[in-house]
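Trainee: Residue numbers (my numbering), protein chains in the order written: chain A, 1 to 251; chain B, 252 to 502.
Using N, Cα and C, we set each Cβ at its ideal position, and we do this for glycine too.
Number of protein chains: 2
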Amino acid sequence: MPKAPALFEALPSQQCADCPIRHRAVCALCESDDLAKLEQMKYYRSFEAGQTVVWSGDEMDFVGSVVTGILTLTQTMEDGRRQMVGLLLPSDFVGRPGRSSAAYDVTATSDVVMCCFRKRPFEEMMLRTPSLGNRLLQMTLDELDAAREWMLLLGRKSAREKIASLIAIIARRDSALKLRNTGNDLTFDLPLTREAMADYLGLTLETVSRQVSALRKDGVIVLSGKRQVTIPDFDRLMEETGDDADGGYPG
Amino acid sequence: MPKAPALFEALPSQQCADCPIRHRAVCALCESDDLAKLEQMKYYRSFEAGQTVVWSGDEMDFVGSVVTGILTLTQTMEDGRRQMVGLLLPSDFVGRPGRSSAAYDVTATSDVVMCCFRKRPFEEMMLRTPSLGNRLLQMTLDELDAAREWMLLLGRKSAREKIASLIAIIARRDSALKLRNTGNDLTFDLPLTREAMADYLGLTLETVSRQVSALRKDGVIVLSGKRQVTIPDFDRLMEETGDDADGGYPG
DNA sequence: GCATCGGTTTGATTCATGTCAATGTGTTCG
DNA sequence: CGAACACATTGACATGAATCAAACCGATGC
Numbered sequence: 001m002p003k004a005p006a007l008f009e010a011l012p013s014q015q016c017a018d019c020p021i022r023h024r025a026v027c028a029l030c031e032s033d034d035l036a037k038l039e040q041m042k043y044y045r046s047f048e049a050g051q052t053v054v055w056s057g058d059e060m061d062f063v064g065s066v067v068t069g070i071l072t073l074t075q076t077m078e079d080g081r082r083q084m085v086g087l088l089l090p091s092d093f094v095g096r097p098g099r100s101s102a103a104y105d106v107t108a109t110s111d112v113v114m115c116c117f118r119k120r121p122f123e124e125m126m127l128r129t130p131s132l133g134n135r136l137l138q139m140t141l142d143e144l145d146a147a148r149e150w151m152l153l154l155g156r157k158s159a160r161e162k163i164a165s166l167i168a169i170i171a172r173r174d175s176a177l178k179l180r181n182t183g184n185d186l187t188f189d190l191p192l193t194r195e196a197m198a199d200y201l202g203l204t205l206e207t208v209s210r211q212v213s214a215l216r217k218d219g220v221i222v223l224s225g226k227r228q229v230t231i232p233d234f235d236r237l238m239e240e241t242g243d244d245a246d247g248g249y250p251g
Numbered sequence: 252m253p254k255a256p257a258l259f260e261a262l263p264s265q266q267c268a269d270c271p272i273r274h275r276a277v278c279a280l281c282e283s284d285d286l287a288k289l290e291q292m293k294y295y296r297s298f299e300a301g302q303t304v305v306w307s308g309d310e311m312d313f314v315g316s317v318v319t320g321i322l323t324l325t326q327t328m329e330d331g332r333r334q335m336v337g338l339l340l341p342s343d344f345v346g347r348p349g350r351s352s353a354a355y356d357v358t359a360t361s362d363v364v365m366c367c368f369r370k371r372p373f374e375e376m377m378l379r380t381p382s383l384g385n386r387l388l389q390m391t392l393d394e395l396d397a398a399r400e401w402m403l404l405l406g407r408k409s410a411r412e413k414i415a416s417l418i419a420i421i422a423r424r425d426s427a428l429k430l431r432n433t434g435n436d437l438t439f440d441l442p443l444t445r446e447a448m449a450d451y452l453g454l455t456l457e458t459v460s461r462q463v464s465a466l467r468k469d470g471v472i473v474l475s476g477k478r479q480v481t482i483p484d485f486d487r488l489m490e491e492t493g494d495d496a497d498g499g500y501p502g
């Protein structure tokens, strides 16, 4: 079984210059002698909630990582059916070295700040700094594992299991992000609309709404407002996901 | 849109020493000064159809690539539901540098020959040979793109579209494998049982069987026996997949 | 205060796919 | 040859999720 997308535990402890959060990919650079060069290259971009960063097929001349907020990658079929294929939280890497155009629609689902590097110089730096490539390889492998867990969810889980799984995934990543999570309260905001959840899960938004209500009625989750979720018993939630209790963490 | 899994066009033309086929990952090594070293490290393993290469969670002390035959990666839920998450054809890479245990069940669905390297020395070689890491990164990114296309299939396509898509995927990869495909006859053997197809597509084998029959009845495909497929009109098949006509090839 | 709007919930109904069961077909092996 | 077996097909029926439709909620603006 694949592990969850790489969490902050895996990070070296340095913080990248003036970036407000740690950047996983960039940390490889921070460790290198090219730090000064890196500082020159770095720039920030902001996006408002709902804004599209790039459309699938458009030129994408930068790579970067999410500093704050959430980006999604989605594919759309001609008739409008949509499937989310990536959910990028702070520290996640965006873009593909070696490709000039975006393969998916990249959208900000909340206000987002990105830390960017123009692609060409970044690629050159990859050649000079092998540790950066290795870091990217590890991150990409983690993402591939996450994608495969996602495939199991899409192909074989019931609507109820899908919802429980998504909440568990967000709870895990969210509590990993707020590094010092006060106690085990496990209360957080769902950073996605019902429609975005549906796009993630391969469901309709009506089904998402119904199953969220059902989990609430059964006491698996507690809702305060539409978005704030409290998980009174994480083990109970895990039972509802259909996954192994341990989340299938490999060695 | 992501492109299909990397095809042979992308390969350098050298052939790897005494391997009967070109190895994508290994070609990076073939280009390096470490060729002699590589030759010492390389060894072959054979598996019979149906044999399991490693079970999820088991120790996996090697990496390698498929020389002939087909491997699948599958995840299994406690109650037995199964989802294929990887389909590895000749030249595809198996294993994960930096991880000691397998994350999925790896199974030979046909007789298979693999070209293997013990993981530890391979990892050391990666450190000495940056081009190997970069090659692996590109391959992993391709696989991630394939996984994301697969997610769209699992989440949003109808059973009929799923079948058409799978046939198109195999046809494309298969004709790429038989490098000199005589004409455009587009006849090939489905290398998967109905059950394996169902595991790939997130369906039951009964639904697979029904939809294959339906596509045959509608003249989209022609069957000779259970496995041999002829595609009289590839564009017609593509229409049935629900994808863009061009297969969504990015720049 | 009221209208508007995006996001959400809920209900009634339909439909695609799953489930259960029987049968068919080709191959292997006594 | 026939039995046994794996694989595949087909049918009848059940059901979970989609669809279509209406109403609700909370924020924002006039």
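Answer yes or no: does any C-beta atom of chain A fall closer than 8 Å to that of GLU375(B)?
Mentor: no
Trainee: When DSSP labels each residue in this structure, what does VAL220(A) get in the three-state scheme?
Mentor: coil
Trainee: Which one or two residues does DSSP pair with GLY86(A) in a beta bridge?
Mentor: LEU73(A)
Trainee: Specify, as a first and last residue, the run of the alpha helix (DSSP H) that ARG120(A) falls within.
Mentor: DSSP places ARG120(A) inside the alpha helix (DSSP H), whose first and last residues are 119 to 128.
Trainee: Please look up how many angstroms separate the CB atoms of VAL113(A) and ILE70(A), rounded, as I've assumed it's under 8 Å.
Mentor: Taking the Cβ atoms as the reference, VAL113(A) lies roughly 11 Å from ILE70(A), outside the contact range of under 8 Å.
Trainee: Residues of chain A with CB closer than 8 Å to the CB of LYS396(B), please, in chain order.
Mentor: The amino acid occupying residue 396(B) in the given sequence is Asp; Lys does not appear at that position. The answer, in chain order, is ALA103.
Trainee: Determine the direct distance from the alpha carbon of GLY384(B) to that of GLN503(B), and round the result to whole angstroms.
Mentor: Shown here, chain B extends from 252 to 502; a query on residue 503(B) therefore has no answer.
Trainee: At a CB-CB cut-off below 8 Å, which residues of chain B make contact with GLN83(A)?
Mentor: MET402, LEU403, GLY406, ARG407, listed in chain order.
Trainee: Please list the terminal residues of the continuous beta strand (DSSP E) segment that includes ARG45(A).
Mentor: 43 to 47
Trainee: Quick one: what's got a C-beta closer than 6 Å to GLU374(B)'s C-beta in the same chain, skipping five residues either side?
Mentor: PRO348
Trainee: Which chain A residues sit within Cβ distance under 8 Å of ASP495(B)?
Mentor: Chain A residues near ASP495(B): GLU78.
Trainee: Helix or strand or just coil, what does DSSP make of GLY155(A)?
Mentor: Judged by DSSP in its simplified three-state form, GLY155(A) adopts helix.
Trainee: Less than 8 Å between the CB atoms is what I'm expecting for LYS413(B) and LEU454(B), so what's the real figure, rounded?
Mentor: 6 Å
Trainee: List the residues of chain B that THR140(A) touches, going by C-beta distances under 7 Å, in chain order.
Mentor: Listed along the chain, the chain B residues whose CB falls inside 7 Å of the CB of THR140(A) are LEU388, THR391, LEU392, LEU395.
Trainee: Give me, in chain order, the residues of the same chain whose beta-carbon lies closer than 6 Å to that of ARG227(A); leave out the 5 immediate sequence neighbours on both sides.
Mentor: ASP189, LEU190
Trainee: Name the residue from LEU137(A), PHE117(A), ASP243(A), MET125(A) whose alpha carbon lies nearest to the alpha carbon of TRP150(A).
Mentor: ASP243(A)
Trainee: Taking the C-alpha atoms as reference points, what is the distance between LEU350(B) and MET292(B)?
Mentor: Sequence check: residue 350(B) is Arg here, not Leu. So the alpha carbons of these two residues sit roughly 19 Å apart.
Trainee: Do you know offhand how far ASP105(A)'s Cα is from SER297(B)'s?
Mentor: 42 Å
Trainee: Please classify THR455(B): does DSSP put it in a helix, a strand, or coil?
Mentor: coil
Trainee: For the beta strand (DSSP E) that ASP440(B) lies in, which residues bound it at each end?
Mentor: 438 to 440
Trainee: Just grab the DSSP bridge partners of ASP105(A) for me.
Mentor: THR74(A)
Trainee: Quick check on ARG347(B) - is its C-beta less than 8 Å from some C-beta in chain A?
Mentor: Chain A contact via Cβ: present.
Trainee: So what does THR444(B) bridge to, in DSSP terms?
Mentor: Its beta-bridge partners do not exist; DSSP assigns none.
Trainee: Beta-carbon of PRO121(A) versus every beta-carbon of chain B: anything under 8 Å?
Mentor: Contacts with chain B at 8 Å (Cβ-Cβ) do not include PRO121(A).
Trainee: Can you give the Cα-Cα distance for ASP199(A) and GLN83(A), rounded to whole angstroms?
Mentor: 5 Å
Trainee: If THR241(A) sits next to ALA164(A), beta carbons under 8 Å apart, how far is it from one beta carbon to the other, in whole angstroms?
Mentor: Between ALA164(A) and THR241(A) the Cβ distance is about 5 Å, and since that is below 8 Å, they are a contact.
Trainee: For a test of the three-state rule: what should DSSP assign to GLY64(A), helix, strand or coil?
Mentor: strand
Trainee: If you reduce the DSSP assignment to three classes, tell me which class GLN40(A) lands in.
Mentor: helix
Trainee: With 8 Å set as the bound, which would you pick, yes or no: does the beta-carbon of PHE62(A) sit closer than that to a beta-carbon of chain B?
Mentor: no
Trainee: Using the Cβ count rule (16 or more neighbours within 10 Å means buried), how would you classify GLY80(A)?
Mentor: exposed
Trainee: Check for me: the alpha helix (DSSP H) holding ARG236(A) runs from which residue to which?
Mentor: Counting along the chain, the alpha helix (DSSP H) containing ARG236(A) begins and ends at 234 to 241.
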